[in-house]
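Engineer: First the structure, then my questions, so here it is.
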Amino acid sequence: MVHDINNPFAEPEERFESPFFEIVFAFMTGSVVIWIVNYSSYDALFGIVTNHARIKMIVFCMKLEDAFDQKDDQLMQKGVKEFINEQNRMYRFVDVIQDSYNVWLGIILTITMIQLSFLMFHISAGYGFDLRYIFFSLICVAHIFLPCNYASNLKIMSTETATMIYCSRWETVLSKKVAKVIPFIIARAQIPIQLTFYIFEFDMKLFVNILKSSYSIFMLMRT
11 MVHDINNPFA EPEERFESPF FEIVFAFMTG SVVIWIVNYS SYDALFGIVT NHARIKMIVF
71 CMKLEDAFDQ KDDQLMQKGV KEFINEQNRM YRFVDVIQDS YNVWLGIILT ITMIQLSFLM
131 FHISAGYGFD LRYIFFSLIC VAHIFLPCNY ASNLKIMSTE TATMIYCSRW ETVLSKKVAK
191 VIPFIIARAQ IPIQLTFYIF EFDMKLFVNI LKSSYSIFML MRT
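Using my numbering, the first residue of the sequence shown is number 11, and each one after it goes up by one.
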């Protein structure tokens, strides 16, 4: 939000005088542009990349099922190798996601939790009903909910791949080389992918805990 700021070393009315007003206006406008670009691209990209990782899991499970349907052992082994390579690429992709958003989402989560507490206090402290603060509070909740939901869906999908692999008709495989690899493939797929940013493990449990923590801070501020 672009607004004027009082000069701490002058009278309040002097904030409208040049060049202080122009400098503050340029700074606030630049900040707003940066935040708009950040929230509409960098934050939104998190949902895109996590959904992309989920789709990659579905695709390589389908590739494994196609490999098990092959009658030729060489083609079957080639398909299994492609599955393992795609699975490893997906895990590296998730590592890139975690490295890219590690500090950012951790800081945003902490700031949003504190900010939500102050907004609830301001609304309930007798300042009157203000639609702007209500709307901003809902935005803060959504800003916490969406990353937690995306990370939770990725975690659930990563564990569902074990079931998809188990149901891919592996019992019909006659190749001994492929049969020896199947237990390791299923065992690796049973390990869930947990996105951890800063010190927080993002999932829906974290979302509930953040709301509880915000309410606790709010109650402490009221006492």
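Just so it is clear, CB atoms sit at the ideal spot from N, CA and C, and this is done for glycine as well.
Fully enclosed by the region 25-65, which alpha helix (DSSP H) runs are 4 residues long or longer?
Structural biologist: For the region 25-65, whole alpha helix (DSSP H) runs of length 4 or above, ordered along the chain, are 30-47.
Engineer: Between which two residues does the alpha helix (DSSP H) carrying P193 extend?
Structural biologist: Where P193 is concerned, the enclosing alpha helix (DSSP H) stretches over K186 to A199.
Engineer: Note down the Cα distance separating C150 from I166, rounded to an integer number of angstroms.
Structural biologist: Roughly 25 Å separates the two Cα atoms.
Engineer: May I ask you to list the residues that DSSP assigns as paired with F239?
Structural biologist: Lying before the first or after the last residue shown, residue 239 is absent from the chain, which here runs from 11 to 233.
Engineer: Alpha helix (DSSP H) containing W180: first to last residue?
Structural biologist: Element bounds for W180: n/a, residue is neither H nor E.
Engineer: Taking 8 Å as the limit between beta carbons, can you name the residues of its chain near M7, skipping five residues before and five after?
Structural biologist: The shown model of the chain, from 11 to 233, leaves out residue 7, and the question about it has no answer.
Engineer: Less than 7 Å between C-beta atoms, sequence neighbours within five positions excluded: which residues of the same chain meet that for V59?
Structural biologist: Here the set comprises I107.
Engineer: What would DSSP say about E92, mapped onto helix, strand or coil?
Structural biologist: It is helical.
Engineer: Measure the CB-CB distance between T182 and A199 and report whether it falls below 7 Å.
Structural biologist: Not in contact: T182 and A199 (Cβ atoms no closer than 7 Å).
Engineer: How big is the Cα-Cα spacing for W114 and K186?
Structural biologist: Answer to the nearest angstrom: the Cα atoms are 47 Å apart.
Engineer: Short check: CB of D213 to CB of A152, under 7 Å?
Structural biologist: No; because the gap between Cβ atoms is not below 7 Å, this pair is not in contact.
Engineer: Any idea if C158 is buried or exposed, counting beta-carbon neighbours within 10 angstroms, 16 or more meaning buried?
Structural biologist: When all chains shown are included, C158 counts as buried.
Engineer: Out of curiosity, what's the CA-to-CA distance linking K190 and E75?
Structural biologist: In a straight line, the C-alpha of K190 is about 16 Å away from that of E75.
Engineer: Could you check how far apart the C-beta atoms of I175 and I201 are, in whole angstroms? I think they sit under 8 Å.
Structural biologist: That belief does not hold up - the Cβ atoms of I175 and I201 are roughly 13 Å apart, past 8 Å.
Engineer: Can you list, in chain order, the residues of its chain whose CB lies under 6 Å from that of I133, leaving out five sequence neighbours each side?
Structural biologist: Y143.
Engineer: Going straight from the alpha carbon of I94 to that of V188, what length do you get?
Structural biologist: About 12 Å.
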